[in-house]
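Chemist: Positions 0 to 76 (numbering that gives the first Met the number 0) are the ones given, in order, by the sequence shown. All C-beta atoms, glycine included, are put in the ideal place defined by N, C-alpha and C. I have a structure here, written as structure tokens, and I will follow up with some questions on it.
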Amino acid sequence: MTVCRGCCCGRAEKHPGTDHRAQLTAFQRGAARVRVVDCLDACERSNVVVVSPSPAGRAAGARPVWLGGILDDETTG
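Shown next as structure tokens:
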């Protein structure tokens, strides 16, 4: 999983009602690997995460899935 936490995503200024730190902790508990990046260049859809398939999944044809508007417990958990 790749989590955007740069210019817009993960910022209280843009999404003051979101507990960004708790959200990242939940991702880290639930995913095999979490990589935090500065910007995924999809600011209009913040908060953005990309869920990537395993190498075996990719070999079978699976592709990364981009998710936007990940702002609350319902979309995080």
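1) Does Leu23 come out as helix, strand or coil in the three-state DSSP assignment?
2) Does the distance from the CB of Arg4 to the CB of Val35 come in under 7 Å?
3) Evaluate Ser53 with the Cβ neighbour count: other Cβ atoms within 10 Å of its Cβ, from every protein chain shown; 16 or more gives buried, anything less gives exposed.
4) Rounding to the nearest angstrom, what Cα-Cα distance links Val48 and Asp72 in this structure?
5) Where does Val2 land, buried or exposed, given buried means 16+ other C-beta within 10 angstroms?
6) Considering just the uninterrupted stretch of the beta strand (DSSP E) at Thr17, what are its terminal residues?
7) Which value, in whole angstroms, describes the spacing of the CA atoms of Trp65 and Cys38?
Modeler: Looking at the coordinates:
1) In this structure, Leu23 counts as helix in the three-state DSSP scheme.
2) Going by beta carbons, Arg4 and Val35 fall inside the 7 Å limit.
3) Exposed, because fewer than 16 other Cβ atoms sit within 10 Å of the Cβ of Ser53.
4) One C-alpha to the other measures close to 14 Å.
5) Flag for Val2 reads buried.
6) Premise fails: Thr17 is in no beta strand (DSSP E) and is neither H nor E.
7) Taking the straight line joining both Cα atoms gives about 13 Å.
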